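Engineer: Under the numbering used here, the residues of the sequence shown are numbered 1066 to 1253, in order.
Glycine included, each C-beta is placed from N, C-alpha and C at the ideal position.
Bear in mind that the values here come from a model prediction, so they are computed numbers and not experimental data.
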Amino acid sequence: MSRLTPLLLLCPLALAACGGSEPAVKAENASIDDVAKATQNAVKMQPGQWQTQIKFVSVDVPGMPKAQADMMGQQMAKMSVQTAETCVTPEMVNQPPSEMFGGKAGAGCTYEKFELAGGKIDSVVSCKPHGAGEMKAPTSGTLGSTSYELTSDTVMSGMPGMPGGGKMTMKTQITGKRVGDCPAQTKG
């Protein structure tokens, strides 16, 4: 799960950068870059200090032995809520969302579906990282220039070393909000 956490922290910020009520965007089987370009003129995040909170609601690994499932449950309890703060500069807001974080969040990923209208998003991202199986993450929620709330039901399959054919399902709730100005030393 630790390899997925940075992606979960970055994706909502990139999505929020393209959130807003205009224009409406629909795409199918599109690259991360294509969706970023299509959403370039949508309402953007307000620069400032942003707080992102990821709540791990549930994890299911079919066929996992009870001892491992108990250990996973204990780990989930320890990390059930993760919070990170990021300074989003005016320069970052003016970049396409895929470039906002160096383009790394989109490596090996495609939007099977992306719909953004009226501040609401409904998308499915599919990723095939090298040697790590496949990940599919349906995500829905609301996006605005100062906050977002997303729910994702991520399914990972073909993961080496995992029981049940290497399948794991994880439900997360992701919220973000602008909490103020960036600290003086990190501005532009």
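Quick one: give me the first and last residue of the beta strand (DSSP E) that M1235 is part of.
Structural biologist: The sequence position of residue 1235 within the sequence shown is 170, counting from 1. That run of the beta strand (DSSP E) goes 1233–1245.
Engineer: Would you call the CB atoms of C1174 and I1119 closer than 8 Å?
Structural biologist: Within the sequence shown, residue 1174 is the residue found at index 109, counting from 1. Within the sequence shown, residue 1119 is the residue found at index 54, counting from 1. Contact flag unset, no.
Engineer: What did DSSP end up calling Q1089 once you bin it into helix, strand or coil?
Structural biologist: Locating residue 1089 in the sequence shown gives position 24, counting from the first residue. Correcting the residue type first, residue 1089 is Ala in the shown sequence and not Gln. Of the three classes helix, strand and coil, the one that applies to A1089 here is coil, per DSSP.
Engineer: If we require 3 or more residues per run, which beta strand (DSSP E) segments fall completely within the region 1197–1223?
Structural biologist: Segments of the beta strand (DSSP E) lying fully in the region 1197–1223: 1199–1208, 1212–1222.
Engineer: Less than 8 Å between the CB atoms is what I'm expecting for P1154 and P1112, so what's the real figure, rounded?
Structural biologist: Working through the sequence shown from its first residue, we reach residue 1154 at position 89. Working through the sequence shown from its first residue, we reach residue 1112 at position 47. Here residue 1154 is Thr; the residue named in the question, Pro, does not match the sequence. About 6 Å; that satisfies the 8 Å criterion.
Engineer: CB-CB under 7 Å to A1092, same chain, minus the five flanking residues each way: which ones, in chain order?
Structural biologist: The residue given as residue 1092 occupies position 27 in the sequence shown. Cβ within range, chain order: D1099, V1100, A1103, Y1176, F1179.
Engineer: So, using beta-carbon positions, are S1205 and I1186 closer together than 8 Å?
Structural biologist: To locate residue 1205, count along the sequence shown from 1; it is residue 140. To locate residue 1186, count along the sequence shown from 1; it is residue 121. Closer than 8 Å, so yes.
Engineer: Mind checking who S1123 pairs with in its DSSP beta bridge?
Structural biologist: Your numbering for residue 1123 matches position 58 in the sequence shown. S1123 is bridged to K1236.
Engineer: List the endpoints of the continuous alpha helix (DSSP H) containing K1102.
Structural biologist: For the purposes of this step, residue 1102 is taken as the residue at position 37 of the sequence shown. Segment 1097–1103, the alpha helix (DSSP H) holding K1102.
Engineer: Give the range of the beta strand (DSSP E) segment to which L1151 is assigned.
Structural biologist: Along the sequence shown, one-based indexing puts residue 1151 at 86. Per the sequence presented here, residue 1151 reads as Thr, with Leu not at that position. 1146–1153 is the span of the beta strand (DSSP E), which, as asked, contains T1151.
Engineer: From the DSSP output, in three-state form, read off K1178 for me.
Structural biologist: Position 113 of the sequence shown, counted from the first residue, corresponds to residue 1178. The answer is strand: DSSP assigns K1178 an E or B state.
Engineer: So, at 6 Å on beta carbons, what are the nonlocal neighbours of S1123 in its own chain, with the 5 sequence-adjacent residues on each side left out?
Structural biologist: For this step, residue 1123 is matched to residue 58 along the sequence shown. Around S1123: K1236.
Engineer: Would G1245 be called buried (16 or more neighbouring beta carbons within 10 Å of its own) or exposed?
Structural biologist: Here residue 1245 refers to the residue found at position 180 of the sequence shown. Exposed, since its Cβ has fewer than 16 Cβ neighbours within 10 Å.
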